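Peer 1: One structure is given below, represented as structure tokens, and several questions about it will come after.
Chains as they are written, first to last, in the numbering used here: chain L, 1 to 135; chain H, 1001 to 1130.
And the structure:
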């Protein structure tokens, strides 16, 4: 049997400086699970892109928060949710990114779901297969 | 010549070295994402305005996100437009996270990479298309 699942939940101001904190928490969680450094780096990249979407796109010039929940599940999977309460996934012509965030997440995650629950903000749900050790 | 300027965020640094004539070497160490991309953009802008060739050293970079990648691609494009030599050193010691992003976005060729810092400096000082 796998050990008990465990994880973390963070609620942070939607500011760029908080994104490295999410990676730090994620690495702490994955370190104990014995997966490769390469796979950890992949997952850190995908989760960073999801957080960047919340920080850069959700609130435009307003302040707000975003939440990250990660759970290491029995069976070698990691569930991660990144949630904001901003303006949703509206197109933005002055986007500071390359527009590659979601394709990068899709390439690394086993499953990617984007939702706007109750029409408020964006919820990105990602599932990573830790056993695959590749994507 | 000033020896360079350093922005410290733990072990994650952006240092501009001006130790070799005719080239500004922007050394990016550790992890960089949207939190440090604006600083990298400022340093690259300064380097591109210096009149020297520009080398971005990613040999000790462990992680970048697409915000940083956008800054690097934009710097390369500006260098080309102005006829400034530009290279990115990307080698064996560069972190997996950096290579992975370039691979997934198919953007390595847009950065004008060289496998060592020496090769990147030589390529950059050889001219924009050298």
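By construction, the Cβ of each residue, glycine as well, lies at the ideal position given by its N, Cα and C atoms. As the structure is a computational prediction, the values presented were derived from the model and not from experiment.
Comparing the C-beta of residue 101 of chain L with each C-beta of chain H, is any distance below 9 Å?
Peer 2: Judged by the 9 Å Cβ criterion, residue 101 of chain L is in contact with chain H.
Peer 1: Of the residues H:1015, H:1107, H:1095 and H:1079, which one's Cα is nearest the Cα of residue 44 of chain L?
Peer 2: When only C-alpha atoms are compared, the closest one is H:1095.
Peer 1: Is residue 78 of chain L closer than 9 Å to residue 127 of chain L when the C-beta atoms are compared?
Peer 2: Yes, the pair counts as a contact, with Cβ atoms nearer than the cut-off.
Peer 1: Going by beta carbon distance, what residues of the same chain come within less than 6 Å of residue 9 of chain L, once the five residues before and after it are set aside?
Peer 2: The residues are 69.
Peer 1: Out of H:1030, H:1101, H:1052 and H:1064, point me to the one whose CA is closest to residue 1021 of chain H's CA.
Peer 2: Nearest option by C-alpha distance: H:1052.
Peer 1: Taking residue 115 of chain L and residue 102 of chain L to be in contact with their CB atoms under 8 Å, please state how far apart those CB atoms are, rounded to whole angstroms.
Peer 2: Between residue 102 of chain L and residue 115 of chain L the Cβ distance is about 13 Å, and since that is not below 8 Å, they are no contact.
Peer 1: Indicate whether the contact test is met: 3 or more Cβ pairs, each with one atom in the segment 78 to 87 of chain L and one in the segment 1011 to 1018 of chain H, closer than 8 Å.
Peer 2: Because the criterion of three Cβ pairs below 8 Å is not met, the segment 78 to 87 of chain L and the segment 1011 to 1018 of chain H do not touch.
Peer 1: From residue 52 of chain L to residue 1103 of chain H, what distance separates their C-alpha atoms?
Peer 2: The alpha-carbon atoms of residue 52 of chain L and residue 1103 of chain H are separated by roughly 20 Å.
Peer 1: Would you tell me roughly how many angstroms separate the C-alpha atoms of residue 82 of chain L and residue 66 of chain L, rounded to the nearest one?
Peer 2: Going by the C-alpha atoms only, they are around 7 Å apart.
Peer 1: Give a yes or no on whether the minimum CB-CB distance between residue 41 of chain L and chain H is below 9 Å.
Peer 2: It does: the Cβ of residue 41 of chain L has a partner Cβ on chain H nearer than 9 Å.
Peer 1: If you follow the alpha helix (DSSP H) that residue 1097 of chain H is in, where does it begin and where does it stop?
Peer 2: Run containing residue 1097 of chain H: 1096 to 1105, per the alpha helix (DSSP H) assignment.
Peer 1: Can you find a C-beta in chain H that's less than 9 Å from the C-beta of residue 83 of chain L?
Peer 2: With 9 Å as the cut-off, residue 83 of chain L does not count as an interface residue toward chain H.
Peer 1: What separation, rounded to the nearest whole angstrom, lies between the Cα atoms of residue 1028 of chain H and residue 117 of chain L?
Peer 2: Roughly 39 Å separates the two Cα atoms.
Peer 1: For the alpha helix (DSSP H) that residue 22 of chain L lies in, which residues bound it at each end?
Peer 2: Start and end: 19 to 31.
Peer 1: Can you give me the Cβ contacts of residue 21 of chain L inside the same chain, cut-off strictly under 8 Å, excluding the 5 residues immediately before and after it?
Peer 2: Result list for residue 21 of chain L: 10 and 12, in chain order.
Peer 1: Since residue 1100 of chain H meets chain L, which of its residues come closer than 7 Å, beta carbon to beta carbon?
Peer 2: Neighbours of residue 1100 of chain H on chain L, chain order: 41, 42 and 45.
Peer 1: Which of helix, strand or coil does DSSP assign to residue 1089 of chain H?
Peer 2: The answer is strand: DSSP assigns residue 1089 of chain H an E or B state.
Peer 1: Taking only three categories from DSSP, how would you classify residue 1121 of chain H?
Peer 2: Residue state, collapsed to three classes: helix.
Peer 1: What residue does the beta strand (DSSP E) around residue 6 of chain L start on, and which one ends it?
Peer 2: Residue 6 of chain L -> beta strand (DSSP E) spans 6 to 13.
Peer 1: Can you give me the start and stop residues for the alpha helix (DSSP H) that residue 57 of chain L sits inside?
Peer 2: That run of the alpha helix (DSSP H) goes 37 to 57.
Peer 1: Buried or exposed for residue 1032 of chain H, please, with buried defined as at least 16 other CB atoms from any protein chain shown within 10 angstroms of its CB.
Peer 2: Buried, by the Cβ-count rule.
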